[in-house]
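See below for the structure under consideration.
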Amino acid sequence: MTTAERNKQLGNLIEQKILEFFGDPDAGLELKKSFVIKLRKRMKEKQKFTPLSVVMKKYGIR
1 MTTAERNKQL GNLIEQKILE FFGDPDAGLE LKKSFVIKLR KRMKEKQKFT PLSVVMKKYG
61 IR
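The end of the sequence shown is residue 62 by the UniProt record's numbering, with every number in the run present.
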């Protein structure tokens, strides 16, 4: 097993234990109808994405 695989496995184990300890704070809650409507509308809209290279250049990264 490689170091990367071990790190991923450890990360998954930590996440699982945190969820077991704290639980899911949103469990059992329902979404408001107004939120669902807005979400569906947003999903239908055409989204504009900025390439990573442009963002990196803008902020002087690399």
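Backbone N, C-alpha and C fix where the C-beta goes; we use that ideal spot for every residue, glycine too.
So, with DSSP's three-state summary, where would you put residue i?
i, result
"R6", "helix"
"G60", "coil"
### Task
Starting from the N-terminal side, write out each stretch of the beta strand (DSSP E) that is 3 residues or longer and does not extend beyond the segment 18–57.
With a minimum length of 3 residues, no continuous beta strand (DSSP E) run stays inside the segment 18–57.
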